[in-house]
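Heads up: the structure comes next, in structure tokens.
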Amino acid sequence: MLFPGIALGAALNSFPGANPPIDTRSLDEIYRAAQKETGELLVFWGGDSLDQAAGTIQAFNARFPKVKLNLQVELSKYIDSRIDRQYQKNQHDGADIAILQQLNDFDRWNREGRLLPYKPASWNNIYPDVKDPNGGFLSILFYQFGQFVYNKDRLHADAVPSTFEELLQPRWKNKLILAYPNDDDAINYLFTLAINKYGWQWFEKLVADQGVQWRRGTGAVLEYLTTGNTSAVLSFTTNIIDQTNLAAKAPTDTRLAWPQTAAIFKTTPRPESSKLFMSWIMDTEFQQSLANSSVLYTTRMDINDTKGNIFRDATVPPTQFSKWIVNREVVEWWRFQYESSIGLPQGVDPVLIGP
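Heads up, the sequence shown is in my numbering, so the first residue is -8 and it goes up one at a time.
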């Protein structure tokens, strides 16, 4: 059974333009050049919780204290709107770097000539599928959703389900807390994968029978699971950051991964600081920390990931989301399918209420 957009969509295109050489400078050399620039390095980071970028901010500040980083977390769908509105107003993108879930934006910005092509020293080790061959943009990590995250103080590991189909069992009534699929494109797509596998009857029974607690933002879901301030004990729409009372189990049927993508805007007044950030985040030390984590995957081919090679995991095709999200007509079709069943997302911007 196939529904709109599941197996369709064009791959991210590459557009003609400058094709810079690989930057072979060391991080220290780029750092020295960056110190000659003034002002804050402004990075827009797509997410729904400030905690999702806290470790990155701390690590960069510790390594490069003389380059002031202003990293702002906001939903990707709001960041790209702010950037485009600013550009329409004064032909300036309003940020030095954008790192977003909205992969379709980079394709468009590249076509419009708004990106500053850049190839960090690790360029040849980045998976070809997740970078523009001319250096317009690259993916810094693979993020995922779909693991069964649970409060281990309230749910024994043996009781955690292995498939999405099991969530319809009576024992999960009033025990599930999920992010709205019509509020986040990644969660939207995750639900399409489950529906593609188990049919609309799966979603309809989930909504009608299971007493799901819907929340705005994956960070808000994480907060509720962590504090135990809810009857729910299980979710598949969030990830553990550093919570010690939570655990996760990978499903055996399907889950979602996507390449979180980054680019430097051509209008940046701080090109060296921007190149420093991009080079640092693709450097071996940072990428190895991703490979060692329980949730994030490296986008470098030369680093062994403790979770295995994401391109060899049959449950999580890592570039399929990239193809789906560029077809906005299909994305909106799915969004309204969910909205007609569970209503509009209720609550304020999750960045304001998340951890």
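Glycine included, each C-beta is placed from N, C-alpha and C at the ideal position.
Quick check on DSSP: helix, strand or coil for residue i?
| i | result |
| --- | --- |
| I255 | strand |
| V198 | helix |
| Q63 | strand |
| I74 | helix |
| L159 | helix |
| F227 | coil |
| N142 | strand |
| A150 | helix |
| K298 | coil |
| K68 | helix |
| N173 | coil |
| Q192 | helix |
| K57 | coil |
| Q79 | helix |
| P7 | Because the pLDDT of P7 is 47, which lies under 50, any placement of that residue in the model is unreliable, and the question is left without a value. |
| P336 | coil |
Determine the extent of the beta strand (DSSP E) in which residue i is found, giving its start and end residues.
| i | result |
| --- | --- |
| K350 | No statement about residue 350 is possible, as the shown extent of the chain runs from -8 to 346 and does not include it. |
What are the start and end residues of the alpha helix (DSSP H) that includes residue i?
| i | result |
| --- | --- |
| N179 | D176 to Y189 |
| G210 | T209 to T218 |
| W325 | R319 to I333 |
| A282 | T275 to A282 |
| F312 | Q311 to I316 |
| I272 | P262 to I272 |
Under 6 Å: does the beta carbon of residue i sit that close to some heavy atom of the ligand HEM?
| i | result |
| --- | --- |
| L62 | Only the bare structure without any ligand can be found here, which leaves the ligand HEM out of the picture. |
Once the 5 residues before and after residue i are set aside, which same chain residues still bring their CB inside 8 Å of it?
| i | result |
| --- | --- |
| V34 | L60, N61, L62, Q63, A86, D87, I88, A89, I90 and F268 |
| A223 | N165, K166, L167, I168, Q204, Y215 and L216 |
| Q251 | G37, I90, L91, Q92, S130, I131, L132, F133 and Y134 |
| E263 | I21, A24, A25, K27 and E28 |
| A44 | W36, G38, L62 and V64 |
| L335 | N173 |
Whose C-beta lies closer than 7 Å to the C-beta of residue i among residues of the same chain, with five residues either side of it excluded?
| i | result |
| --- | --- |
| N295 | A282 |
| V339 | none |
| K272 | First, the amino acid is wrong: residue 272 is Ile here, not Lys. So the list reads I131, once near-sequence residues are dropped. |
| S67 | G37, L91, Q92 and Q93 |
| N116 | R291, M292 and D293 |
| T15 | A112 |
| T297 | A282 and N283 |
| N52 | L60 |
State the beta-bridge partners of residue i as determined by DSSP.
| i | result |
| --- | --- |
| R303 | Answer is none; R303 lacks a bridge partner. |
| P250 | F133 |
| Q204 | I168 |
| F128 | In the DSSP output, where bridge partners are listed per residue, F128 has none listed. |
| Y288 | F133 |
Near residue i, what residues of its chain come up, given a Cβ to Cβ distance below 6 Å and the 5 sequence neighbours on each side ignored?
| i | result |
| --- | --- |
| Q160 | none |
| E156 | Y189 |
| D175 | none |
| S332 | V198 |
| F227 | G137 and F139 |
| G127 | N101, L106 and P108 |
| T258 | H83 and D84 |
| A9 | P108 |
So is residue i in contact with chain E if we call contact Cβ pairs under 7 Å?
| i | result |
| --- | --- |
| S72 | In the structure shown, chain E does not exist; there is a single protein chain. |
At 4 residues or longer, and completely inside the region 88 to 124: list those alpha helix (DSSP H) runs for me, N to C. 94 to 102
4 or more residues per run - each alpha helix (DSSP H) lying fully within the region 11 to 54: 18 to 25 and 45 to 54
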